[in-house]
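Here's the structure we're looking at; comments come further down.
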Amino acid sequence: MLRCSYWLTVVLFSLSVHCATQGQERFRVYLGTYTDDGSQGIYHCEFNAHDGSLSPVKLAGKTNSPTFLAFHPNEKFIYAVDPDSFELSPVGHQATGIKTPRNFAIDPTGRFMLVANQSGGNVCVFRIDSATGELIPTEAKTQIANPVCVRFMKL
0 MLRCSYWLTV VLFSLSVHCA TQGQERFRVY LGTYTDDGSQ GIYHCEFNAH DGSLSPVKLA
60 GKTNSPTFLA FHPNEKFIYA VDPDSFELSP VGHQATGIKT PRNFAIDPTG RFMLVANQSG
120 GNVCVFRIDS ATGELIPTEA KTQIANPVCV RFMKL
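Quick note, the sequence shown lines up with residues 0 to 154 if you use numbering that gives the first Met the number 0.
This is the structure we're talking about:
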């Protein structure tokens, strides 16, 4: 059995992220950090679009080197690629089945997450439980050499 060294972590926060609307000038920004030099994981600050300023950062959640962050469209869940920490109070961890989930994206409906499995040579699909944010593996995948990025675009 392959032991995964990377996990997708579903982090439940009480988010104060708001959809961008015309005239909105203040936004919450979430920042993922490498934790090698004393950083503790996921931070947040405010961005003022009127003058371009940023507020001081505050710790949002402790986790080990979250290398990528994404928000569920309902803004109730943050998903992070997290190497191996269990310091957060996660909703859950979902093994991707390979060593290197390089990147992921949540589809615009919020029902599915696509994960770029770099060393596995494929992009896998997970179903998202809308109530809990849990990732549920599916059989859907597509083969591609060394995928490192996933993005959605309207047809």
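Cβ coordinates follow ideal geometry from the N, Cα and C atoms, glycine included.
{"query": "Please report the straight-line C-alpha distance between K153 and M112, rounded to a whole angstrom.", "result": "16 Å"}
{"query": "Using beta-carbon positions only, say whether R126 and T137 come within less than 7 Å of one another.", "result": "yes"}
{"query": "Going by the beta-carbon positions, is the gap between I41 and A69 smaller than 7 Å?", "result": "no"}
{"query": "Give a yes or no on whether the C-beta atoms belonging to F67 and N102 are separated by under 7 Å.", "result": "yes"}
{"query": "Give the single residue among V147, N73, G31 whose Cα lies nearest to the Cα of A79.", "result": "G31"}
{"query": "What separation, rounded to the nearest whole angstrom, lies between the Cα atoms of D128 and S52?", "result": "36 Å"}
{"query": "Taking 6 Å as the cut-off, is the beta-carbon of A104 closer than that to any non-hydrogen atom of the ligand MN?", "result": "Ligands are entirely absent from the displayed structure, and the ligand MN is therefore not among its contents."}
{"query": "Once the 5 residues before and after G104 are set aside, which same chain residues still bring their CB inside 8 Å of it?", "result": "First, the residue type needs correcting, since residue 104 is Ala and not Gly in the sequence shown. Answer for A104: A69, M112, L113, V149, R150, F151, listed in chain order."}
{"query": "Report the CB separation of S54 from E45 in whole angstroms; it is logged as a contact under 8 Å.", "result": "4 Å"}
{"query": "What would DSSP say about Y33, mapped onto helix, strand or coil?", "result": "coil"}
{"query": "Under DSSP, the beta strand (DSSP E) around N102 begins and ends at which residues?", "result": "100-105"}
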